[in-house]
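If you use mature numbering (1 follows the signal peptide of the UniProt record, and there is no 0), the sequence shown corresponds to residues -27 to -1, 1 to 453, in order.
Beta carbons: idealized from backbone N, C-alpha and C, even for Gly.
Predicted model only: the values in this text are computed from it and were never measured.
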Amino acid sequence: MNTPRKTAADVLLFASVALVLISNIAASKIQGCDQSEHRCVPIRFCPLYHKQARTQQSNGSFEKQLLQLQCDPEGKIDKTFHVCCPKRNIECTLGNQPATCKRLGQCSSLSARNEHKWKEHSNATNLCYIHKSQNYICCPTDESDGRRRKRSTDNELEQYPSVFPACSHTRGAFLVPAVLCDCEYTMVRGSSKVCCKIPPSNLLISHPKAIALAQGKCGTILNTESLFTVRIHKGFDTDRGEYPWMVLLVYKANTKAFCAGTLIHPRYVLTAAHCVRKFVSKLTKVRVGEHNLWRCDDSSAKECSAQVQEIAIEKHILYKPEASTDKRMIQHDVALLKLQQPAELVPGVVEPICLPITRRLLMHLPSTLTITGWGKTEHDRPTIATNRSLLHAHIPVVQDSSTCREDYEFCAGGSDASNTCPGDSGGPYQSQSFYLDDKRYVQYGVISGGSRFCDGPDRASKAMLVSYYIPWILDMMDIV
């Protein structure tokens, strides 16, 4: 029988959790999990939270969040701490080899006839969880399948490599702004950048609120066939539900402004600061579930209007750098909108986009990104025709040291590539990436210049680098 060794970190973790539990007797545990895609498992089977917990034992805020995740299993497996874990993140090992949690009947290497093996794998150590009276056990994974999956994953990740250069003197490291590195690094003399080593696994960043944001579903891919398609010069129409995180900012009548944003949480929208700063009193609502600005054809008008939600804004939040001068604030073109009530999430209609809150994604900027929008700007320039439907285009990230010099920005488009004409100020630069070992859309940038460069498409457009602002975004979000 393979019994995992308990390290000192494990002992400290569970001692820490026990202490918090004792001091919070009033805290009630969830019976099972309230989300259909989650399962109540011993925390050791959920690396998403287990590895995070082992590095943050003294963090009181994290311990409080861990209590929020605690659950009471359907059948008592053992006395260890149980958490609600997304099914896709449940992992187990047998003899230090990766394995999979499966029902006994689905585990080809075990059978009821092989009684000694069944008893070995169905004990408290190797029983992952119980769901609807079915035991899910740690099942050996076929090695050839594992190799095939790894090769496939590696190939897909290489298709859109990072624009950050590799460090010449540090193997497996990339030269990135220091704020993007949440793991081992070495300083670079005379530079604000560091040589950041790629972490061995896709762990969450160390910010205490990252775990809370990661609990929600995000970045669902509707049409995987469109991944890595040829660059589009002008925007192509999108299918309804292809980008369900797109948000239309709603201003009072006679306001000469048109901006977009992205839903990053049911209560929060990420957008550009210039869409907010001059219009605080006039920017009152947002619209989610929007696809066609002229509404739908008569045949489906009722169905389409039912999918659109208009929600009032509770708070406008502008980024304020430490050296808070008016000029510095204008340069940091990002803002958050807190909604008065959470958006009702509807699969394929209204869903948040993922943010780069894993250590690998934080230090990654794909060489090609997708922009989405209705093709208008904060000034509603007459050079752009109003588009009925949401558009998208794929554009390259370019190294432009003269235009995008700061760590918090990057340039995209130009040189006969598609520019941000199909996008809107405040809208996203996004790409399909592996987010917690699942392929999702992740937002890497915020459209800052909008479509103002449409009259000069050879000019690269400026974007705000979302990874740079992740600590601020999480700090501002009231989530647990």
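According to the Cβ coordinates, are residue i and residue j closer than 8 Å?
i	j	result
His305	Ala246	yes
Ala308	Thr235	no
His238	Leu186	yes
Leu312	His289	no
Ile103	Glu47	yes
Cys154	Met336	yes
His55	Cys13	yes
Ser135	Asp380	no
Val281	Lys258	no
Val149	Phe137	yes
Gln314	Ile184	no
Ile326	Cys191	yes
Gly386	Ile420	no
Pro20	Asn62	yes
Tyr414	Ile194	yes
Tyr442	Tyr292	yes
Val370	Leu328	no
Lys255	Lys225	yes
Return the residue from the list the options that minimises the CA-CA distance to residue i.
i	options	result
residue 477	Leu409, Tyr408, Ser404 and Asp410	Any question about residue 477 goes unanswered here, given that the chain covers just -27 to 453.
Glu283	Val220, Arg250 and Asn227	Val220
Ala285	Leu291, Tyr292, Arg260 and Ile303	Arg260
Phe18	Gly348, Thr66 and Cys169	Thr66
Pro339	Leu438, Trp445, Ile443 and Thr193	Leu438
Ser362	Leu318, Leu222, Asp210 and Thr228	Asp210
Gly262	Lys60, Asp7 and Gly214	Gly214
Tyr402	Pro444, Cys384 and Tyr408	Cys384
Cys6	Tyr22, Glu36, Gln38 and Lys60	Lys60
His367	Gly346, Glu382, Gly78 and Cys377	Gly346
Gly78	Pro20, Ala72 and Cys112	Cys112
Arg332	Val319, Cys80 and Phe147	Phe147
Val453	Lys37, His23 and Arg27	Lys37
Gln41	Cys58, Lys52 and Arg27	Cys58
residue 457	His11, Tyr22 and Ser174	With the chain covering only -27 through 453, there is no way to say anything about residue 457.
Pro444	Ile330, Tyr408 and Cys377	Ile330
Asp397	His365, Gln372 and Cys377	His365
Cys168	Ile178, Gln70 and Arg144	Arg144
Val161	Thr53, Cys140 and Val319	Cys140
Asp212	Asn265, Ala230 and Thr53	Asn265
Ala230	Gly348, His180, Lys52 and Leu318	Gly348
Thr53	Gly163, Val249 and Asn99	Asn99
Exposed or buried, what is residue i when buried is set at 16 or more other beta-carbons lying within 10 Å of its beta-carbon?
i	result
Pro294	exposed
Gly159	Gly is not the amino acid found at residue 159; the sequence shown has Thr there. By the neighbour-count rule (16 or more Cβ atoms within 10 Å), Thr159 is not buried but exposed.
Ala316	buried
Asp451	exposed
Ser9	exposed
Asn227	exposed
Val253	exposed
Lys435	buried
Ser272	With a pLDDT of 47 at Ser272, under the threshold of 50, the modelled position of this residue cannot be trusted, and the question is left open.
Ser375	exposed
His142	exposed
Lys182	buried
Arg86	Here Arg86 scores only 45 on pLDDT, less than 50, and its place in the model should not be relied on; the value that follows carries that caveat. So Arg86 counts as exposed.
Gln188	buried
Ile446	buried
Arg240	buried
Glu198	Any answer about Glu198 is weak, because its pLDDT of 42 lies below 50 and its placement is not dependable; what the coordinates show is given next. With fewer than 16 other Cβ atoms within 10 Å, it is exposed.
Ser406	buried
Gly321	exposed
Asp448	exposed
residue 455	This structure cannot speak to residue 455, because the chain is shown only from -27 to 453.
Ser106	exposed
Ala433	buried
Pro217	buried
Within the continuous alpha helix (DSSP H) that includes residue i, where are the two ends?
i	result
Leu21	Pro20 to Arg27
Arg333	Arg332 to Leu335
Tyr441	Val439 to Met449
Leu186	Ala183 to Ala187
State the start and end residues of the unbroken beta strand (DSSP E) segment that holds residue i.
i	result
Val223	Met219 to Tyr224
Ala366	Leu364 to Val371
Ala72	Gln70 to Arg76
Leu310	Ala308 to Leu312
Ala385	Glu382 to Ala385
Cys6	It is not in any beta strand (DSSP E) - Cys6 carries neither H nor E in the DSSP assignment.
Asp411	Asp411 to Ile420
Glu287	Gln282 to Leu291
Val150	The sequence shown places Pro at residue 150, not Val. Per DSSP, Pro150 belongs to the beta strand (DSSP E) from Ala146 to Pro150.
Arg260	Leu256 to Val261
Ile237	Ala233 to His238
Thr66	Cys65 to Leu67
Gly348	First-last for Gly348: undefined, no H or E at that position.
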